[in-house]
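Number of protein chains: 2
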Amino acid sequence: MKQISAEELKNASLEQLKEDCGLLREEILRTVSVCGGHLASNLGTVELTVALHRVFDFPRDKLIFDVGHQCYAHKLLSGRANVFHTLRKRGGLSGFPKRSESEYDCYDTGHAGTAISAALGFAKARDLKGEDHNVIALVGDGSFNNGLVYEALNSVKILESRVLIVLNDNGMSISPTVGGMHELLGEMKGEPPLEDMKVFERFGLSYRGPVNGNDLSELLPALAQAKEDLKKGSVLLHAVTKKGQGYSFCESAPVKTHGISPAEIQSEYNAALGEELCALRKNHPEIVAVTAAMTDNVGLRPFFEAFPERAFDVGICEEHASVLCASMAAAGMKPYYAIFSTFLERAFDEIIHDICAQNLPVTLCIDRAGVSGADGETHQGVFDLSFLSFVPNLTVAIPKNIGEFRAMLRKSVDFRGPLAIRYPREGTEGEISDFEIGKFELLHSTMSDIILLAAGERCLKIAETVRDRALSEGMEVGLVNARFLRPLDEELLLSLAQGTIITLEDNALIGGLGDAVARFYRSHGIEKHVLSFGLDDRFLPHGEPHVLMQEFGLDENAILDAVRNAYACR
Amino acid sequence: MKQISAEELKNASLEQLKEDCGLLREEILRTVSVCGGHLASNLGTVELTVALHRVFDFPRDKLIFDVGHQCYAHKLLSGRANVFHTLRKRGGLSGFPKRSESEYDCYDTGHAGTAISAALGFAKARDLKGEDHNVIALVGDGSFNNGLVYEALNSVKILESRVLIVLNDNGMSISPTVGGMHELLGEMKGEPPLEDMKVFERFGLSYRGPVNGNDLSELLPALAQAKEDLKKGSVLLHAVTKKGQGYSFCESAPVKTHGISPAEIQSEYNAALGEELCALRKNHPEIVAVTAAMTDNVGLRPFFEAFPERAFDVGICEEHASVLCASMAAAGMKPYYAIFSTFLERAFDEIIHDICAQNLPVTLCIDRAGVSGADGETHQGVFDLSFLSFVPNLTVAIPKNIGEFRAMLRKSVDFRGPLAIRYPREGTEGEISDFEIGKFELLHSTMSDIILLAAGERCLKIAETVRDRALSEGMEVGLVNARFLRPLDEELLLSLAQGTIITLEDNALIGGLGDAVARFYRSHGIEKHVLSFGLDDRFLPHGEPHVLMQEFGLDENAILDAVRNAYACR
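These protein sequences, in sequence, are chains A and H.
Here the first sequence is numbered in this note's numbering, starting from 1 and rising by one per residue.
Here the second sequence is numbered in this note's numbering, starting from 1001 and rising by one per residue.
Here is the structure:
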């Protein structure tokens, strides 16, 4: 679509603005159907975005998106229409706000709940510097369950600054929103009862609304009024929108259309999770499943449907979900907590303090581990091996395929300590064969004393390719499935004391498997060449996972070169 | 004191119970004055604890303490009076609830905000198992600011279980409680207005109170009624207590007497932080300081007094504080966020996602790093080097003494990226001399090719001792102040390519300095002996820091043995 300028937007008639909304919606739909991306959330906020751009002056005023699943119209309105077709492609536009991309994006987001804190920070800085622009946080109701949002709301009075919070209430996060706050907001959508409005006022916010967030004729005067009120203090504007608005398929299937993948997907680990837990549940009444607003994405839907009384979606509350698991385990249950790797970072303290310090049998099912691709910097799952490597009492497993993941889940039922299993989205099925906790698998043995030690399906595939190429050059190379980061297979490592080990992991090179293996040999006084490949010490941009892996540390050619060197130096 | 049995407590008259409260208070005061510990918080909750033990049946009923700064009377009432004099001593009673210590402690705590989540988990497990005991969370109002508490409250309706939340409202966390929730509770202490009560009801809680939590004649019937109401649903009982109740010095100085140290303390790093920031502020109007309810403990009081408009205590909200810093930095300010190492774990995701992914100039001042001693497992600051070692864009500094800490702070003002400085509580002053970011300091050079590479004051002291002992045995050993974990001093490390390096760090051995140094040599293809000493892969109990360090990985004799071996193998 052609760029709509700020001037055009400021001068347009209401009818013209509505037409613009239609154009934006078409462009978003067209682009997402090619590039993938967040569809329903972006379609739902087109009018809100147009109204914000009409009423406020960006980039002088600051607009901060929570999560950022709803920034596409903003990108299209802020000089990026001509490059919007590059969305989520390597080198192209990010699917999230990015300061490096435009001065209209003042704060990068990706995880839930940060926008109000960030808005308060911008507003406070403005006050201290004697500036006078407006600061707006656009927050979905799903994020309103998150503790960070509450911590920020609690600070409105402490910080004594002025922010506008626009609550984009579509009744959904990625899953439907749940919990007490959701019910409170639900009550307020009709006619807000005085007592509920007063709550927000006690927190230092003037409540305005609810308004229909998909109707410009309601939105524009409401926002103009909010802008006026903002001169005196902080304001919460409650806008009710429809996720997927304007595209009937999205409106009727907002969970499925929250994020759209351009390509068809093969087997997924998460489907195996749902199947296995349902099957295991039959003989294990102590099994419960927990998710933080990700029931479908982590594959728990079948379990939720079969065992609703022991399946819990607590909303975007990764910390609370962890403590809930720890305490249910302390009380004799067997909790499975399924979560994306990047979001598990939110529960880091609870993993240490609640689950592992008490050595409780909670199983963390860590999905989207490794390079996760098109969502970019804020969504890569490349730190989990590093931040779990040093947590006492924890066992960390990395299945080689979906079959081994199933076997690990079956084994986990009787495992009596905390266990983390990390895996990517897609994979191949493979056999379900037995194994021992803490034992690696020797896939190809050799006399050459050069061993590739790879963790997880993606790295094992790279290792197989490297090994095939080495073989074709006459070099024999062994291959080990390093399926545990904690504990390491010490017996096997000791048996490999001669020669060179080359480790491969789909994780930050710092703090992962390579360091663990090298540390093992050092601590045993064994001189050993350990060469390690993993992801570079930088935040990885968006792009295809295999392309990113190749570019940022797991290049087959470089690994093959390492094999050649090791072979030459035997 | 002699043990008061459950039976005695159940049958005692009101007068007898009051006498018991007096005995408990005396015992707590006497023990804390010898052993150190949390005084004011424990004195304030004596009546609440007696009333809970009178009305409920522990350990059948479950009592979960938030944080646990208020569990002493509970310990005295649950069979531990005869060992209470061992409080916080190595091998003695923990200052926090510990499952390993008594069946009356059903869930371990230490960090704020976990108790309601944990109570919901216990209650849900009870329901699923068809049991019928009561589950009670005792939570201070300071924790009520924490996002995790809100996430749990949001779940009360989702989980459809029954818990009793006793809100111990003394207007304090370690610092006075702040923020919107505090003001709301404040309003309710008079006569709770209908609208505020309704808020809790929307979250699925029946509000009861406020009651005087230091008056048994009010408390006992209120708790009995709450127990009755608990049969129908979840209840919030709002008890107003006085921190330090019954000991006038505590009542008048609750911040100072929150935690008591048995010995006199020498110089402290946190005092230097306050002094330096106040001085730096004169030429740097962009400096702001942030704390999560720890103004005094982290040494920021002078800054708060001198520059109240740019000093922010946001309550026990470690995550929000981090985002606030990131956003203020994005808006041109220079934030200093002072926090204990163990509590920084709560902000792990925000360090990655908000501060470092955006490469923002936030300075993290990480206090109580390393073994922190008498608070035990939940308060050791031994993971920070590990969880910061792999975060891209971050610089991590470890000063050798308070003088170097001052120099680092002075340098930090013009540093344009995220910077973490980690230090223990106590230290020696030392010179304030200049240095370059990422450069180590060669303290003792030698021809022997055996180098001790130590991070931080405590490990440098151990290294000096080991070096002296080695010298007395005729062995020359070099010594390097490894004052940066990120970046390493690559030039110096390359110059040490021959011989043996022995690294020492007051951090988990896994993922810290030793691994970083070894990785550096590996990645440069340099064969190098790197022997590493740090803390064992386990949760460290309470005890004197130097005793724990010696016992769990930093034993001088073991390090000297390593020197002897290296010397013999030259």
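All residues carry an ideal CB built from backbone N, CA and C; glycine is no exception.
Residue i, enclosing beta strand (DSSP E) - first and last residue
| i | result |
| --- | --- |
| Glu19/A | No beta strand (DSSP E) holds Glu19/A; the alpha helix (DSSP H) holding it covers 14 to 35. |
| Glu1505/H | 1500 to 1508 |
| Ser1474/H | The sequence shown places Gly at residue 1474/H, not Ser. Run containing Gly1474/H: none; DSSP gives neither H nor E here. |
| Thr621/A | Nothing can be reported for residue 621/A, as the shown portion of chain A is limited to 1 through 570. |
| Pro335/A | 334 to 340 |
| Lys1062/H | 1062 to 1065 |
| Cys365/A | 363 to 367 |
| Val234/A | One detail in the question is off: residue 234/A reads as Ser in this sequence, not Val. 234 to 240 is the extent of the beta strand (DSSP E) around Ser234/A. |
| Phe1312/H | 1311 to 1313 |
Cutoff 7 Å; reference residue i; Cβ partners in own chain excluding five residues on either side
| i | result |
| --- | --- |
| Ile510/A | Ser386, Asp537 |
| Lys1018/H | Leu1216 |
| Phe1631/H | The requested residue 1631/H does not occur in the structure, where chain H is confined to residues 1001 to 1570. |
Three-state class that DSSP yields for residue i in the structure shown
| i | result |
| --- | --- |
| His379/A | helix |
| Asp349/A | helix |
| Tyr107/A | coil |
| Leu1120/H | helix |
| Cys71/A | coil |
| Arg208/A | strand |
| Leu385/A | helix |
| Met172/A | strand |
| Gly1417/H | coil |
| Ser1143/H | helix |
| Val46/A | helix |
| Glu1441/H | strand |
| Val396/A | strand |
| Val1298/H | coil |
| Ser532/A | strand |
| Ile977/H | With chain H covering 1001 to 1570 only, the question about residue 977/H has no answer from this structure. |
| Asn1011/H | helix |
| Leu453/A | strand |
Nearest-angstrom beta carbon gap, residue j and residue i [assumed within contact, 8 Å]
| i | j | result |
| --- | --- | --- |
| Gly1332/H | Ala568/A | Gly1332/H to Ala568/A, Cβ: 54 Å. No contact. |
| Arg973/H | Gly1246/H | Because chain H is modelled from 1001 through 1570, residue 973/H falls outside the range shown and cannot be assessed. |
| Leu300/A | Ala311/A | 7 Å |
| Ala1115/H | Asp1066/H | 4 Å |
| Leu1453/H | Val1480/H | 5 Å |
| Ile1450/H | Gly1499/H | 6 Å |
| Ile402/A | Lys334/A | 22 Å between Cβ atoms; not a contact. |
| Phe405/A | Asp1349/H | Between Asp1349/H and Phe405/A the Cβ distance is about 25 Å, and since that is not below 8 Å, they are no contact. |
| Phe520/A | Leu492/A | About 11 Å separates the two Cβ atoms, so there is no contact after all. |
| Ser1078/H | Phe1058/H | 7 Å |
Range covered by the alpha helix (DSSP H) that runs through residue i
| i | result |
| --- | --- |
| Asp561/A | 556 to 568 |
| His1320/H | 1318 to 1330 |
| Phe1405/H | 1402 to 1412 |
| Asp1229/H | 1216 to 1229 |
| Arg1522/H | 1513 to 1523 |
| Tyr1184/H | Sequence inspection shows Leu at residue 1184/H; the Tyr mentioned does not correspond to that position. Counting along the chain, the alpha helix (DSSP H) containing Leu1184/H begins and ends at 1180 to 1190. |
Beta-carbon contacts of residue i that lie in its chain and below 8 Å, excluding the five residues immediately before and after
| i | result |
| --- | --- |
| Ile1316/H | Ala1112, Gly1113, Gly1142, Ser1143, Asn1145, Asn1146, Ser1173, Ala1292, Ala1293 |
| Leu1093/H | Lys1075, Arg1080, Val1083, Phe1084, Thr1086, Leu1087, Glu1101 |
Proximal residues to residue i (C-beta, below 6 Å), its chain only, five neighbours per side dropped
| i | result |
| --- | --- |
| Leu148/A | Gly113 |
| Phe1122/H | Lys1062, Val1135 |
| His53/A | Leu9, Leu77 |
The stretch 325 to 344 of chain A / the stretch 390 to 397 of chain A touching (three or more Cβ pairs under 8 Å):
no
So does the stretch 1183 to 1191 of chain H actually touch the stretch 1152 to 1163 of chain H, counting three or more Cβ pairs closer than 8 Å?
no
Segment contact flag, the stretch 310 to 328 of chain A with the stretch 1078 to 1095 of chain H, C-beta cutoff 8 Å, min 3 pairs:
no
At least three beta-carbon pairs within less than 8 Å, the stretch 270 to 279 of chain A to the stretch 406 to 422 of chain A
yes
Any 3 or more C-beta pairs closer than 8 Å across the stretch 507 to 525 of chain A and the stretch 432 to 443 of chain A:
no
For the structure I just gave you, are there three or more beta carbon pairs, one from the stretch 498 to 516 of chain A and one from the stretch 412 to 421 of chain A, closer than 8 Å?
no
Should the stretch 1483 to 1491 of chain H be called in touch with the stretch 1356 to 1375 of chain H, which here means at least 3 C-beta pairs below 8 Å?
no
Does the stretch 220 to 236 of chain A come close enough to the stretch 1200 to 1218 of chain H that 3 or more CB-CB pairs lie under 8 Å?
no
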